[in-house]
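Comments concern the structure below.
Numbering (mature numbering (1 follows the signal peptide of the UniProt record, and there is no 0)), first residue to last: -22 to -1, 1 to 205.
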C-alpha cells in the first residue's frame, strides 16, 4: 500500500501532462474575415463608402484600398499588385479575407485571387455590376484596362476559365447603362443575383444588397467555424 502511495505523485503528473497540448500546437479559434471593399474605374474608396459603412454597421471588419490611378491607364494586373501591397501592409498574413468588388474592382479581386496562395485565405468573393464578360462601353476607352474590359476580351476569358474553390456571388441591376449588356455580370460558376437598383453606381447604396452581403459574409465565416 505504501508503495502505491509513493507512486501516486508521479502517476498524477503523467496523467495531467497528457492533457496539455504540446507547445506550438495550440489551436486558435477561427477568426472573422476582414472584408476588402474595392472601387472601380474612375472611382475611389468614397464611391464604395455606402458598402463599407453598411457592412461595418453589421459588425463586419472592412477595409477599402485606394487603387490609383483608377482611370484605366494601368492594366488590371497592376491594380491587383497594388491590392497585394495594401494587404501586406494592413492585414496579418494569416487573416482570412472576403472581397467585395464594384465594377472593375470585381475584376481586380478576381485577378488577385488567381494566385493559389492568395486564394487559400479567401472565404468568399462578391462582385457588383462587374463586367466579367466585358462591356460595349469599353470601346470608348483606349487605356490598358479599357482594352481588357472589351466584350469577351482574352483577359476576361482567361479569368472566367478557372473555377475558384471559394464561393462567388455576383450582383447586377437590369438598369445598368455602364455594363452593356448587364448579363455580362453573370458568371457560370457563381450564384448570380439581381438587385432592384436604378443604376450602375446607385447599386452600392442598395439596402437589399448591403443586407444580403452582410448575411452571406457571416454565413461564410460560420462555415469556417467562426462562432
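Idealized CB from N, CA, C, for every residue including glycine.
Based on the DSSP secondary-structure assignment, which residues constitute the bridge partners of residue 170?
The partner list for residue 170 (beta bridge, DSSP) reads 148.
With C-beta atoms as the reference, is residue 176 less than 9 Å away from residue 153?
Between residue 176 and residue 153, the C-beta spacing is below 9 Å.
I want to know whether the stretch 7 to 17 touches the stretch 189 to 204 - three or more CB-CB distances under 8 Å.
Cβ pair count under 8 Å is three or more, so yes.
Limits of the beta strand (DSSP E) - the one that residue 101 falls within
Taken as a continuous stretch (DSSP letters only), the beta strand (DSSP E) holding residue 101 covers 100 to 106.
Whole angstroms is fine: what's the gap from residue 26's alpha carbon to residue 6's?
C-alpha of residue 26 to C-alpha of residue 6: approximately 33 Å in a straight line.
The stretch 51 to 62 contacting the stretch 76 to 88, beta-carbon criterion three pairs below 8 Å
Judged by Cβ distances under 8 Å, the stretch 51 to 62 makes contact with the stretch 76 to 88, as three or more pairs qualify.
Report the start-end ranges of each alpha helix (DSSP H) in the stretch 22 to 108 that is 4 residues or longer and not cut off at the edges.
Taken in chain order, the complete alpha helix (DSSP H) segments of 4 residues or longer contained in the stretch 22 to 108 are 27 to 34, 54 to 68, 82 to 90 and 94 to 98.
Look up residue 19 in the DSSP assignment and say whether it is helix, strand or coil.
If DSSP states are grouped into helix, strand and coil, residue 19 belongs with coil.
Along the chain, where does the alpha helix (DSSP H) that runs through residue 191 open and close?
Where residue 191 is concerned, the enclosing alpha helix (DSSP H) stretches over 185 to 201.
In terms of DSSP beta bridges, what is residue 14 paired with?
Looking at the DSSP assignment, residue 14 forms a beta bridge with 41 and 77.
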